[in-house]
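Chains as they are written, first to last, in the UniProt record's numbering: chain D, 1 to 131; chain Z, 1 to 216.
Beta carbons: idealized from backbone N, C-alpha and C, even for Gly.
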C-alpha cells in the first residue's frame, strides 16, 4: 500500500512538472493577449495571409524589448500595401505591458528573461520622445 | 437427443439474429444521413404551391468593378459572409475560416465564395481589390462584393445574418460572423459561426452533403 501511494505521488509529480513546463507561466499576459491581440493575430499567432503578420515568424520578439513595448503602446501607421493598421493600446499600464511582453517573448521566441515594470517605464518615456 | 439439437439450432439462430441487430441500427443511422439538408427560413403556400425562402438576386459590384448577379454563375453553390475591412473585432477570424473553406474547395469549381462589405463609406472597389490581393486568393472563385448600403443590409437580413448600425460597437457596426451555405437555387441550406473553428470543421460535412445532393 505504502509503495503504491509512493508510486502514485511520483507519477503525479512527473505529470504536473511536464505539463507546467509546456504552459507559458505568464497568465495575465496570455489573458491580455486574448483580449487585445487575438482578434487580429489569431489564437495561435498565425495572423491572416499578408494582411496581418504572423507572430510566429516575427523577429521582433528576439530583438530588444523596447521596440515591442513601443509598438504595442503606440501601434503602427496604416500599411500602404495592405491598408491594414495595428491599433495603439493606450489603456495597458506598465504592469500589464510587462506581463504581455514577457508572455509574447516566452511564447514566440522562448526567451525566459523577464522584463520589469521599471524597464517598461523607462522604455515608454523613450518612445514618447520619438514622437 | 432430437430436442437437444433443435434447442441448439434455435440458440444459433437466436445468436445470428442478435448479430444483426447492430446492423439494423447502423442502416437506420445511414438513412438519417441520407435525408436531404433542410431548406431554412419560412415557407409560404400560394395557390397550393409551397414557396421556400430564396435569397434575392441583387445586382452587385465586385472587386474589379464588374457588375454581377449570382444567378449569372449558373450551376454553383455559394459560401457567403458579411464583413468590413477595418473591422477590428470578429472579421479577421471569420475571414481566416473563409480561407480554410477556400483552401478545401479550391479545386472544386462547383463552389464559390462571396464576401459582402457592410462598410460602403470605406470599402470602395479599390480597397476591396487590394484586400483580396493581400489575402492571396483567386478572385474568380472568391468575390468581394458591394452595393448600396440599404441593399446590402437587406441582403444580409435575407441571408439570416444580423447587421446593424451601432455607434457603440467597434467602428459603428454590430454584425454576426455567420458563414452561410446557399444551394444552386439560392435557398439557404446551412450555416456555421465563422468565429468558431470547430463549428466550421463540422460545416465541412454539411457542404459536402449539399454537394452530394445537388450534383447526383
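- Close CB contacts of residue 86 of chain D within its chain, under the 6 angstroms cut and outside five residues either way in sequence, are with 75 and 76 (chain order).
- Here DSSP, grouped into helix, strand and coil, assigns residue 196 of chain Z to coil.
- Contact between residue 127 of chain Z and residue 61 of chain Z does not hold, since the beta-carbon distance rounds to 12 angstroms and is not under 8 angstroms.
- Bounds of the alpha helix (DSSP H) holding residue 41 of chain D are 38-41.
- Shown here for residue 35 of chain D: not one same chain residue has a beta carbon closer than 6 angstroms to its own, the five before and five after excluded.
- Cα atoms of residue 183 of chain Z and residue 76 of chain Z: separation of roughly 7 angstroms, rounded to the nearest angstrom.
- Going by beta carbons, residue 135 of chain Z and residue 49 of chain D fall inside the 7 angstroms limit.
- Straight through space, the alpha carbons of residue 201 of chain Z and residue 91 of chain Z are spaced by roughly 18 angstroms.
- Within 9 angstroms of the CB of residue 89 of chain Z, the CB atoms of chain D belong to 39, in sequence order along the chain.
- With a threshold of 16 other beta carbon atoms within 10 Å, residue 116 of chain Z meets it and is buried.
- Taken in chain order, the members of the stretch 127-139 of chain Z whose beta-carbon sits within less than 9 angstroms of a beta-carbon on chain D are 127, 130, 131, 133, 134, 135, 136 and 137.
- Judged by pairs of C-beta atoms under 8 angstroms, the stretch 135-152 of chain Z touches the stretch 41-60 of chain D, as three or more such pairs exist.
- Secondary structure of residue 90 of chain Z (DSSP, three-state): coil.
- Under the 8 angstroms Cβ criterion, the stretch 155-171 of chain Z does not count as touching the stretch 112-127 of chain D, having fewer than three qualifying pairs.
- Taking 7 angstroms as the upper bound on Cβ-Cβ separation, chain Z lies near residues 87 of the stretch 85-96 of chain D.
- The straight-line gap separating the alpha-carbon atoms of residue 119 of chain Z and residue 84 of chain Z is approximately 6 angstroms.
- For residue 72 of chain D, none of the residues of chain Z pass the 9 angstroms Cβ criterion, the least Cβ distance being about 15 angstroms.
- The DSSP-derived three-state label of residue 124 of chain Z is coil.
- With respect to chain Z, the C-beta atom of residue 82 of chain D has a partner C-beta closer than 7 angstroms.
- Residue burial is scored here from C-beta neighbours: residue 179 of chain Z has at least 16 other C-beta atoms within 10 angstroms and is therefore classed as buried.
- Apart from the 5 residues on each side of it in sequence, residue 62 of chain D sits with its Cβ closer than 6 angstroms to the Cβ of 109 in its chain, given in chain order.
- Counting along the chain, residue 138 of chain Z sits inside no beta strand (DSSP E), nor does DSSP assign it H or E at all.
- The beta carbon of residue 51 of chain Z sits closer than 6 angstroms to the beta carbons of 44 from its chain, once the five residues preceding and following it are set aside; these are given in chain order.
- Look at residue 80 of chain Z here: in three-state DSSP terms it is strand.
- Shortest Cα-Cα distance from residue 92 of chain D to any of D/118, D/84, D/69 and D/83 involves D/69.
- Using beta-carbon distances, residue 52 of chain D counts as an interface residue toward chain Z, with a partner under 7 angstroms.
- Closest by C-alpha distance to residue 103 of chain D, out of D/2, D/121 and D/31, is D/31.
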